[in-house]
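Note that the working numbering gives residue 681 to position 553 of the first sequence, counting from 1, and the numbers run on in steps of one. By construction, the Cβ of each residue, glycine as well, lies at the ideal position given by its N, Cα and C atoms. Predicted, not measured: the structure shown is a model, and the values here were computed from it. Right, one structure below, let's go through it.
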Amino acid sequence: MNAGELLSLCKRRGFIWPSFEIYGGVAGMYDYGPLGTNLKDNIISLWRKAYRQGEGFVEIDSETVNPEPVFKASGHIDEFSDFVVYCLGCKEPFRADHLVGDLHPNPDTLSADELKSLFVENGVQCPDCEGDLGDVEEFNLMFKTNIGPGSSRAGYLRPETAQGIFVNFPHLYRYNREKLPLGVIQHGRGYRNEISPRQGMIRLREFNMMEVELFVDPDDKTWPRYDRVKGRDLRLIPEDGSERTLTLEEAVAQGIIANEVLAYFIWVTKRLLEDLGVDCSKLRFRQHLKDEMAHYAMDCWDAEVLLSYGWTEVVGIADRGCWDLSQHSKWSKQEMTHFKRFDEPREVERTVLKAKYRQLGPLFKGDAKEIASMIEACGPQDIKDGEILLEFKGEVIPISSDLFEVVDVREKVSGEKVVPHVIEPSHGLDRIFYTILEHAYRREDDYTVLSLKPQVAPIKVGVFPLMSRDGLDAKALQVYDLLSEEGIEAYYDDSGSIGKRYARMDEVGTPWCVTVDYETLEDERGLQDTVTVRDRDSSEQRRIPIPELVNVVKELLKGRDFASL
RNA sequence: GCGGACGUAGUGUAGCUGGUUAUCACUUGAGCUUGCCAAGCUUAGAACUCGGGUUCAAAUCCCGGCGUCCGCACCA
């Protein structure tokens, strides 16, 4: 199949539309039409069910515009922007820090001006044409804005929803009554100012993600339900590039997947994608290479699906370690730890330094309190030649031994503070959406069927009168109302031939069609109030009494086989 | 961002050596018909990517913008 055919169908039938098309469109931006919105919501529902009901995670919804410090801390300001320099001769763009690799030990720490002066001092020329280089420009992949009037408070559109969860960790931790593990999910939009989006809705500038952040004890990366699934197979491509199929248990035992909890959520991801309608023969999990890994990740596996564009990442399952919480703790000066209680409180003997306030006061006046706490933050190992050196307000001041005393204390310690580690399955919703459509797309002799899973199908039931006369249409409208009132997404159609109406529903993936025919109205044969239900994939029909229709559809939606009716 | 190709109703297309009421099919609406898988008849609606230039005259030729596709680069 080719992507153009499918995109054309999507546009024609109201799944997705290029945004702002009347103004010429904007690359990398799409709007969801009515059917697309339904399908997208259905994907979100199944994801939510897997994590909220399936694993007991909680869901939040945080801001898309974030103040600058959030991304200073997360590393996106620094890691997410490149300095670009254009050759004045051939106009080629270059990564500025790559051109001074030999001239500086740490070029990616330099500012634009520093890079520029390095070029000038060393006469760096364009590597392609030897031409002169222009000014160094910063290119950050985040959309920048201002919060409030003026430019005093810089803000950015979030490049991932994850930070909204991390910055709320203190609230979430208290909400969870200070216990780990703590699983939090969030879906929403993220924004990346791509240089040149390509491949339809695979690379977008504004995109939807479904992110899961699981906070765990760094010393306990096991999972209660792991044992139930550890014998299941996964198709893996580890770092060495060799593809193999292993059970979860084998992969963990061989050290290919770092830990049980990561393996478990790779499995959850596989099951979810399968439930959504991803073709499992076109699904694999690939481990990131060391140099491919994001700045925050310790280990990362991508769920990749085979599309007409080639193998494409749809979910990233990363062990982010303690990076995010440590960073936010450092920048915000807030505690971002879990208090891990010991089974029994322990008596610990420690040697500590105690400040002598009586002497410090007259000596340091207003600064005494702060200096005292710095002294007490030191240990005996910091004493050199009878004094300790403190760095205070830019100066190094010696603290002689008469300003503190060394004492042995016995303390009762009931636990320790640890920074939780984060396991993050992060789903690209738009890519999953597209994958589901591509994997469901069937075409034979100009006849198109989307074999969507009933649970994600935007319309569940088409309702038709066989003829639009003799009261069949009125009866069909009653059936339509009956289904709609039960929350079943139905679609009434009385135009053209019956075959055409089936075809229209097949093309948008509607799994079943209900037809009100003359037998519905007959009573001498005892068939009164029955309708035919037609199955999309087999074209088979069953007669069902109208009073049972709602329950039959609900059972089918739960996965009952049509042939068993 | 660079190079190449392309841009005509909702979709797919014809016209593109300048002058047409801009072709055809499907789709869509209305009416008739229709007894279960895109049937038929009548009828209606619907397009030259945008801007500038050349010309008496531009869908057609030229330049630029925007967009799409393919390579290169980028891809947290």
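Item                                                                                                            : Value
Distance cut-off 8 Å: Glu388 Cβ against heavy atoms of the ligand NAP                                           : This structure simply doesn't include the ligand NAP, nor any ligand for that matter.
Rounded Cβ spacing between Phe297 and Leu362 (contact assumed at less than 8 Å)                                 : Incorrect: roughly 30 Å between the Cβ atoms, too far for contact.
Extent of the continuous beta strand (DSSP E) to which Leu569 belongs                                           : A small fix is needed here, since residue 569 is Tyr in this sequence, not Leu. Its beta strand (DSSP E) spans residues 569-572.
Residue from Pro162, Leu376, Thr563 with nearest C-alpha to Tyr437                                              : Thr563
Own chain, CB closer than 6 Å to Lys272, minus 5 neighbours either side, in chain order                         : Tyr284
C-beta contact flag for Ser460 and Pro197 at 9 Å                                                                : yes
Buried or exposed (CB count within 10 angstroms, at least 16 for buried), Thr397                                : buried
Straight-line Cα distance separating Asp368 from Ala131                                                         : 31 Å
C-beta contact flag for Phe294 and Val550 at 9 Å                                                                : yes
Contacting residues, own chain, Cβ-Cβ under 6 Å from Cys138 (five flanking each side not counted)               : Ile144
Close beta carbons around Asp241, own chain, < 7 Å, minus the five adjacent residues each side                  : none
Beta-carbon proximity check, Val661 vs Val678, cutoff 9 Å                                                       : no
Supposed contact pair Tyr620 and Val591 - C-beta distance, whole angstroms, cut 8 Å                             : 5 Å
Under the three-state DSSP convention, the category Asn387 falls into                                           : coil
Where the alpha helix (DSSP H) through Asp452 begins and ends                                                   : 451-460
Inter-residue Cα distance where the pair is Asn304 and Gly184                                                   : 11 Å
Nearest neighbour of Val312, chosen from Glu504, Glu249, Trp351, Tyr179 [CA to CA]                              : Tyr179
Inter-stretch contact at 8 Å, needing at least 3 Cβ pairs: the segment 564-583 / the segment 593-610            : no
Status (buried if at least 16 other CB within 10 Å, exposed otherwise) for Ser501                               : exposed
The alpha helix (DSSP H) enclosing Ile365, as first and last residue numbers                                    : Note, Ile365: premise wrong, no alpha helix (DSSP H); beta strand (DSSP E) at 361-365.
Within the segment 575-648, ranges of the alpha helix (DSSP H) (whole runs, at least 4 residues)                : 600-613, 626-635
Rounded straight-line distance, which links the Cα of Glu334 to that of Val193                                  : 13 Å
Residues bridged to Lys272 (per DSSP)                                                                           : Tyr284
Proximity to Ser579 [Cα-Cα], best of Ile672, Leu401, Leu269, Asp634                                             : Asp634
Within the segment 480-544, ranges of the alpha helix (DSSP H) (whole runs, at least 4 residues)                : 485-492, 496-505
Residues near Glu288 in its chain [Cβ-Cβ closer than 6 Å; skip 5 each side]                                     : Gly318
Unbroken stretches of the beta strand (DSSP E), 3 residues or longer, contained in the segment 405-451          : 411-415, 427-435, 438-449
Completely contained alpha helix (DSSP H) runs for the segment 306-362, where each covers 4 or more residues    : 354-357
Whole-angstrom distance between Asp513 and His555, CA atom to CA atom                                           : 57 Å
Nearest-angstrom Cα separation, counted from Ile188 out to Thr165                                               : 21 Å
Own chain partners of Leu517 with C-beta closer than 7 Å, once the 5 adjacent residues on each side are dropped : Val524, Pro526
Nearest-angstrom Cβ-Cβ length linking Gln583 and Leu174, presumed shorter than 8 Å                              : 6 Å
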